[in-house]
Amino acid sequence: MIKHIVMWKLKDPAEAARFKDELLACRGIVPGMREFEVATRSEGLEANVDVLLYSVFEDKAALDAYQVHPRHKQAGALLGQLREARTVLDYEI
């Protein structure tokens, strides 16, 4: 299994809900996606980022299929305009 963790710092933190909704539209778009959770910073709790994606894929082929899926590409084009920085870590378990 592959865990795919992505964190974003937004240009305008007020866009976090819109960003989250766009990401959630990618849930379940490919076979082999086992988990898909999107979180936004909670007021009063420590955070260095505004939005986080935690996802788990059955294997690298499923992650690769997600990365090139047209819905994911569409989301990435919009979200790329809203973000200041992006950090990612994929790892095998």
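Take 67 as the starting number for the sequence shown in this note's numbering and just add one per residue. Ideal placement from N, C-alpha and C gives every residue a C-beta, glycine not left out.
Please work out which residues of its chain come closer than 6 Å, Cβ to Cβ, to Gly98, disregarding the five sequence neighbours upstream and downstream, and give them in chain order.
Taking Gly98 as the centre and dropping the five residues before and after it, the same chain places the C-beta of Phe123, Glu124 and Ala128 closer than 6 Å to its C-beta, in chain order.
Are there three or more Cβ pairs, one per stretch, closer than 8 Å when the region 79-90 is compared with the region 133-153?
Yes, the region 79-90 touches the region 133-153.
Runs of alpha helix (DSSP H) lying entirely within the region 103-138, each at least 4 residues, in chain order:
Assignment of alpha helix (DSSP H) within the region 103-138, counting only whole runs of 4 or more residues, yields 126-134 in chain order.
So who's on the other strand from Leu76, going by DSSP bridges?
For Leu76, the pairing in a beta bridge is given by DSSP as Arg149.
Pick out whichever of Glu158, Met67, Asp78 and Tyr157 has its Cα sitting closest to the Cα of Val117.
Restricting attention to Glu158, Met67, Asp78 and Tyr157, the CA atom closest to the CA of Val117 is found in Asp78.
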